[in-house]
Amino acid sequence: RIYESIDRQPAQPAFNWKQRVLTAGKLLIESQGKIFIALFPLVLSFFKQVSWIAPLTNILVIPLLGAVVVPLDILAACLSYIISPLGLLLFHCSDLGLNLGLWILEILDHLFNPQLQGIAFTPLLIVSLSIGLIILYLPRSVIPKAWALLCFVPVFTSRAPDSDFKLTVLDVGQGQAILLQSSQQKIMLDTGGYYDETKFSIGQQILAPFLFSQGIARLDRVLLTHLDQDHSGALLPLSQKIKIDEVIANTQLPETWNIKQSSPCREGQSWSYQNFKVQVLSPGLNTYPSMVEANPNEYSCVLYVQLNQAQPYRNFLIMGDAGWPTEYELMKKYPELQVDVLVLGHHGSKHSSAYSFLKYLHPKLAIASAGQNNRYGHPTKEVKVRLKALDIPLLLTAQTGNIEFYQEADEQINYTLYREQWKWLKIK
């Protein structure tokens, strides 16, 4: 169907070279436009984002690859067994063609500065869009084209339901990243981070696609518990994809990051929103930068998220990498602290989550944000024993995937485990 227009061209043997060029150009533009539209649902399904200059890029680069580079590679591969020098020469010519293609891409990037546009379509919307496009591409006599409009109506009129509250503990391997979102606010608590974000970027490969899938292209605030790589390493790559209004951490960000930041987080800071509140419980007001630099884990920003009205999971405590000293300070300062969900300190290290601290809080649920078979053994056996002794259930992101708490209309807070959603597909 995409190339049907080629068959419809009337036989005109008297074409001169100008007419041939114009016809070929028209067919190239038309075919690339149709291919872009036809693949649009598939691109949204896998990547949740699209580049609007892709058709122009394909028009300029694909003919070069298809007509020059690939044929030269095939010919060079064949000749290299017969006449090796000639094969190498053709490979060199193919390489020149590739360099020309890269040069064209660099020019387009300089002219248009293209940005990937995040588009959050639900699976049902993608199916509706796909059916509509299939109807458009079918021959005219099969199904009336007007029926495609019925399929496109949900695409242009529907909007994602505004959840009153949603908290997602993301599976980012050995690290921590938590997303808070309501109809008005989008906040991240830590970003996680791979040990080398230039090799594999959690910010661009995991966080940005997830945020796009949630319809989020801007974050109101990012709160970093501290600047360890596994808690903040993905911030810079993420900021290249997602607009971030403000960043708060337990100490000043490096100037080389060139990211807007307010004052460091300290005890007493709080941010109130329509139906929830975020408070900083630690470090204390008398914490100096030199103290944070000497022991960044212990001076992590300890964050307390409290919903206005919700059951049974209303109060969330995120410990960062804080350990026993901070836990004892919290018990002294906040004797009436209520916690329903505890994100374990330091991913479940044996030097955090003391038995007395767990007994004092006695949360309904504990979460360890840690990687599968990580070299630190997080969460450690000692922590698991303490939790089991106190009958506190433990969820591990490496086993469950993303853990999403969401508020329903009756103000009930429930949670879903990402990997449990597809459990019915597993072969017993």
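Using the UniProt record's numbering, the letters of the sequence shown correspond one by one to residues 1 to 428.
Think of the CB as a built atom: it goes at the ideal place given N, C-alpha and C, for glycine as much as any other residue.
Secondary structure note for residue 257: it is in no alpha helix (DSSP H), with a DSSP letter that is neither H nor E. As DSSP reads the structure, residue 178 sits in a beta bridge with 169, 189. Closest in C-alpha terms to residue 380, from the list 312, 399, 352, comes 352.
Under the three-state reduction of DSSP, residue 99 is assigned to helix. Our two residues, residue 331 and residue 347, have alpha carbons roughly 20 Å apart in a direct line. Using a Cβ distance threshold of 8 Å, residue 104 and residue 56 do not count as a contacting pair. Contact between residue 230 and residue 193 holds, since their C-beta atoms are separated by about 6 Å, short of 8 Å.
It is roughly 12 Å from the alpha-carbon of residue 171 to the alpha-carbon of residue 190.
In terms of Cα proximity to residue 306, the closest of 37, 180, 141, 151 is 180. A straight line joining the alpha-carbon of residue 327 with that of residue 402 spans about 26 Å. Per DSSP, the unbroken beta strand (DSSP E) holding residue 223 starts and ends at 221-223.
Remark: C-beta atoms of residue 251 and residue 237 do not approach each other more closely than 8 Å. When the alpha-carbon of residue 42 is set against those of 125, 108, 98, 28, the nearest one is in 125. For residue 232, the uninterrupted alpha helix (DSSP H) run begins and ends at 229-232, by DSSP. Straight-line spacing of the CA atoms in residue 281 and residue 155 works out to 44 Å. Taking the C-beta atoms as reference points, residue 313 is found no nearer than 8 Å to residue 343. If you look at residue 385, you'll find it in the alpha helix (DSSP H) that goes 381-389. The residues 310, 313, 405, 407, in chain order, have a CB closer than 6 Å to that of residue 413 in the same chain once the five nearest residues on each side in sequence are set aside. Non-local C-beta neighbours of residue 317 in its own chain, meaning closer than 6 Å and more than five positions away in sequence, comprise 304, 339, 342, ordered along the chain. Exclusion of the five residues before and after residue 296 leaves 226 as the residues of its chain whose Cβ lies within less than 6 Å of its Cβ. The Cβ atoms of residue 279 and residue 270 lie closer than 8 Å to each other. DSSP, read as helix, strand or coil, puts residue 183 in coil.
DSSP, reduced to helix, strand and coil, places residue 369 outside both helices and strands of the structure shown, so it counts as coil.
Rounded to whole angstroms, residue 409 and residue 165 show a C-alpha spacing of 10 Å. When only Cα atoms are considered, residue 218 and residue 386 end up about 40 Å apart. In the same chain as residue 334, and ignoring 5 residues on each side of it, the C-beta atoms closer than 8 Å to its own belong to 281, in chain order. For residue 270, the beta-bridge partners assigned by DSSP are 279.
For residue 309, the secondary structure class from DSSP, reduced to helix, strand or coil, is coil. Counted as a single uninterrupted DSSP element, the alpha helix (DSSP H) harbouring residue 326 occupies residues 324-333. In terms of Cβ geometry, residue 127 and residue 367 do not form a close pair [threshold 8 Å].
Contact between residue 66 and residue 79 is ruled out by a C-beta separation of about 20 Å, above the 8 Å threshold. Minimum Cα-Cα distance from residue 110 among the listed residues 53, 199, 31 corresponds to 53.
Residue 276 counts as buried, since at least 16 other C-beta atoms from the protein chains shown sit within 10 angstroms of its C-beta. Shown here, residue 121 sits in coil according to DSSP, grouped into three states, outside any helix or strand. Per DSSP, the beta-bridge partners of residue 412 are 311. Around the CB of residue 378, 16 or more other CB atoms lie within 10 Å, so the residue is classed as buried.
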